[in-house]
Amino acid sequence: MNNVLPFFIAIPLAAAFFIPMVSVALKWAPDLLANVVMAVLAAMAFLTIGQAGIYHLGGWGAHLGIDLRLDGLTTLMLIVIDSIGLAMAIFSVQYMTRYTSKLRYYSIFLCLIAGLNGIVLTGDLFSIYIFMEIVAISSYALVAFGCEHDELEAAFKYAVLGTVASAFILIGIALLYAMLGTLNLADMAVQLAAGGMNRPLTAALGLFLCGFGLKAALIPFHAWLPDAHPSAPAPVSALLSGVVIKTAGIYVLSRLVFNVFSVQLVPGLLSILLLLGVVSMIVGGLLAIGQWDMKRLLAYSSISQIGYIVMGLGLGTPLGLTGALFHMLNHSVFKSLLFLNAGAVEYATGSRDLRHLGGLSRRMPFTANMTLLGSMAISGIPPLNGFWSKLIIVLACIESGRPWLALAAVAMSLVTLVAVLKMQKNAFYDEAKPAAARATEVPRLMRLAMLLLAVFCFVLALLVLTGFRSPYLIAPAVHALGAWAGTAVGGGLGI
421 MNNVLPFFIA IPLAAAFFIP MVSVALKWAP DLLANVVMAV LAAMAFLTIG QAGIYHLGGW
481 GAHLGIDLRL DGLTTLMLIV IDSIGLAMAI FSVQYMTRYT SKLRYYSIFL CLIAGLNGIV
541 LTGDLFSIYI FMEIVAISSY ALVAFGCEHD ELEAAFKYAV LGTVASAFIL IGIALLYAML
601 GTLNLADMAV QLAAGGMNRP LTAALGLFLC GFGLKAALIP FHAWLPDAHP SAPAPVSALL
661 SGVVIKTAGI YVLSRLVFNV FSVQLVPGLL SILLLLGVVS MIVGGLLAIG QWDMKRLLAY
721 SSISQIGYIV MGLGLGTPLG LTGALFHMLN HSVFKSLLFL NAGAVEYATG SRDLRHLGGL
781 SRRMPFTANM TLLGSMAISG IPPLNGFWSK LIIVLACIES GRPWLALAAV AMSLVTLVAV
841 LKMQKNAFYD EAKPAAARAT EVPRLMRLAM LLLAVFCFVL ALLVLTGFRS PYLIAPAVHA
901 LGAWAGTAVG GGLGI
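This is the structure:
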């Protein structure tokens, strides 16, 4: 399996450059090639289950070259990226006909996928930075793809704050290299475990918290997200919320905190994560209630759900990490589904404003049912997947002696339910407004993409049957962060 790892990056990059070459003569080529590539990548991602290893690019050793590393957490992230990416490619076939240039869209889309795969596979910090910039530039372009005033403004704000985040991260990388003489994650973990922390290393960690906090849109680093998500095309919004903020933000931050710096070296580190998670969970949920734009409501809800994930990580216990990673997987599915639902509503009515909709349950019954299912999942209604991951996080809070955090998590789940019920009532069950009067159900491929994600909401709930404390796919990912070994140092880096 090690020899396959470079193809997770090479295939989408090659397709991104190949699509423009054939699209002039074959108008259907971008749709077909993008979906075939994503189907191949998704199949390859599932084939990595149970596999582990290292691939040395160019045959160079770990100290001189670039490593691609595969462990349980890498497998989980590859499945998230490429499965959600496949659903977005299917949805885009008919949805993107209303935009300017499909071939450019798919080229940028595949560059984004290549960058995301690169982030989770690479074993050195500078390569993570390079792939993160590929993701960032692709994301800026996709947010602005509509070329209208709102899209361009949102993309500009996203680019400015993304550049600030990248600057923080790059300065942190420079400090690490100056102190340790290496950027290989495994080597850094060994050196830090032996030599401990000093002021430059502490400063680097602080810069990483700020930089990756911006990438993950944690409060107070969230200002770009409420504009970027609503402005982007629906499949891009789903990728941003379901995949990008988790991969470029949460994933890298977890690797650094648990595999490199280690919570033993920085005793207050988990408390910082806990605080960021709780504040994001509460503030994001409360802000979602006041929104009337469907996608903006879902964007603020994303901040709240990311708060759940970071709070679970901040607990630092095996059960907390299990809940955090399980919720990260679940959120990628039901939030992507909800953004596609919002996109379907906009596609059919030309509006996302809840005050201008209503009566869509009769005109768009499939979309209405899919939205209801996604709303139940994100609110933690049993037996859907969101219930189980939230339950694990709540139990982890109680187990760690923090019952007030468990109470806050339950309360914010109710707040989320209020927000999505507001969306349901105004969009689908109120009296129809003019914008919704002539709406019809969206095309079949768009419905197929929504159906795939809806099925996953049920399938992922079954993971708890394999073990409540060690669900299938999640347990190896938690082990990669070092939780089962009782130490965070080098837990997932083959040390």
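So the sequence shown is numbered by this note's numbering: it starts at 421 and just counts up by one.
Where a beta carbon is used, it is the ideal one built from N, C-alpha and C, also for glycine.
In this structure the stretch 446-453 touches the stretch 518-533; the number of beta carbon pairs closer than 8 angstroms is three or more. Secondary structure of D773 (DSSP, three-state): strand. A residue is called buried when at least 16 other Cβ atoms come within 10 angstroms of its Cβ; H649 meets this threshold and is buried. H642 sits in coil when the DSSP states are folded into three classes, being neither helix nor strand. Under the Cβ criterion (8 angstroms, minimum of three pairs), the stretch 650-661 counts as touching the stretch 546-566. Residue state for N679 is assigned as helix, using DSSP reduced to three classes. For Y892 and H776, the gap between their C-alpha atoms comes out near 43 angstroms. Looking at L600, L868, A855, L706, the one whose alpha-carbon comes closest to that of L834 is L706. Judged by DSSP secondary structure, D850 falls outside any alpha helix (DSSP H); it is assigned neither H nor E. Nearest in C-alpha terms to L694, of all of F632, A636, D487, L733, is L733. A direct Cα-to-Cα measurement between G821 and V814 gives close to 11 angstroms. Rounded to whole angstroms, the separation of the alpha carbons of L638 and L696 is 7 angstroms.
Secondary structure note for L488: it is in no alpha helix (DSSP H), and the uninterrupted beta strand (DSSP E) holding it is 487-490. The Cβ-Cβ distance between I486 and L493 does not fall below 8 angstroms. With respect to the 8 angstroms criterion, F641 and G592 are not classified as neighbours on the basis of their beta carbons. For secondary structure counted as the alpha helix (DSSP H) over 4 or more consecutive residues, the stretch 534-621 holds these complete runs in sequence order: 545-563, 569-600, 605-615. Taking M617 as reference, the option from F759, L595, G633 with the minimal CA-CA separation is L595. Under the three-state reduction of DSSP output, Y475 falls in the strand class. According to DSSP, residue pairing for D502 in a beta bridge does not occur. Rounded to whole angstroms, F546 and D607 show a C-alpha spacing of 13 angstroms. Leaving aside the five residues that flank S443 on each side, the residues in its chain whose CB is nearer than 7 angstroms to its CB run, in chain order, A449, P450, L523. Residues Y767 of the same chain have their beta carbon placed closer than 8 angstroms to that of R518, with the five preceding and five following residues left out of the count.
From the listed residues G806, E819, L758, the smallest Cα separation to F786 is found for L758. Cβ contact annotation for A585 (same chain, cutoff 7 angstroms, sequence separation greater than five): G631, L634, K635, in chain order. Leaving aside the five residues that flank L717 on each side, the residues in its chain whose CB is nearer than 7 angstroms to its CB run, in chain order, A708, Q711, A839, M843.
For A435, the enclosing alpha helix (DSSP H) stretches over residues 427-443.
Excluding sequence positions up to five before and after A831, its CB lies less than 8 angstroms from no other CB in the same chain. For the pair S752 and I723, the CB atoms are not nearer than the 8 angstroms cut-off. In terms of Cβ geometry, T667 and I533 do not form a close pair [threshold 8 angstroms]. Minimum Cα-Cα distance from T737 among the listed residues G806, C817, N761 corresponds to C817. In this model, A436 and V457 are separated by some 10 angstroms (Cα to Cα). Here the alpha carbons of S682 and K853 stand approximately 55 angstroms from one another. Sequence-distant Cβ neighbours of P803 in its own chain, meaning closer than 6 angstroms and more than five residues away, are A881. Of the residues M714, A613, L676, V698, the one whose Cα lies closest to the Cα of S651 is M714. When beta bridges are read from the DSSP output, D713 appears opposite D773.
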